[in-house]
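Undergrad: Okay, handing you the structure first.
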Amino acid sequence: MEITHVQKPDFFQLQPALNYAEKISPTGEHTLRVESLAPKQFFTIQFLCYTHMPALGHIRSEAGYAKTMPWMTVIKYPFWVYAAGWLTMLAGTAFCAYWIVKGGIFVLKGVGAL
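In my numbering, each residue carries its 1-based index in the sequence shown increased by 132.
In structure tokens form, the structure reads like this:
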């Protein structure tokens, strides 16, 4: 199986670990060749690119070209960014709940229920 990228990724990792060979063509395309796979066996490739976006050229096996699956780039932020976001949402929810209760009491006092 051959996986070709337009440009070599900065770092990649196969899961599960498999034997592979790398080759860079004169045009700069990076080809990753995995020796063999059993029927219904699969693997994933994890990319870490900090200089450019990984652009997939094609995936080819002995049976022909593979269909691509949808994927997207994910930016991984530090834990404190996620914690600050959750804390901000929690504070906003508490602020809204406070004013909803305060408004309800104001309305109930206005109609004489309290």
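Glycine residues also receive a C-beta, built at the ideal position from the N, C-alpha and C atoms.
All of these numbers come straight from a predicted model, not from anything done at the bench.
In terms of residue numbering, what span does the alpha helix (DSSP H) encompassing residue 222 cover?
TA: It spans 211-242 - the alpha helix (DSSP H) in which residue 222 sits, taken as one unbroken run.
Undergrad: Tell me where the beta strand (DSSP E) around residue 146 begins and ends.
TA: 143-147 is the span of the beta strand (DSSP E), which, as asked, contains residue 146.
Undergrad: Using a 10 Å radius around the Cβ and a threshold of 16 neighbouring Cβ atoms, would you call residue 141 buried or exposed?
TA: Burial call: buried.
Undergrad: With a Cβ-Cβ cutoff of 7 angstroms, do residue 179 and residue 144 count as a contact?
TA: Taking 7 angstroms as the Cβ cut-off, residue 179 and residue 144 qualify as a contacting pair.
Undergrad: Expressed to the nearest angstrom, what Euclidean distance is found between the alpha-carbon atoms of residue 235 and residue 216?
TA: Spanning the two alpha carbons is a distance of roughly 28 angstroms.
Undergrad: Relative to the alpha-carbon of residue 163, which residue among 189, 155, 222 has its alpha-carbon at the smallest distance?
TA: Taking only the C-alpha atoms, the option nearest residue 163 is 155.
Undergrad: Straight-line CA distance for residue 139 to residue 177?
TA: About 15 angstroms.
Undergrad: For residue 183, which residues of its own chain have a beta-carbon under 8 angstroms away from its beta-carbon, when the five flanking residues on both sides are left out?
TA: 142, listed in sequence order.
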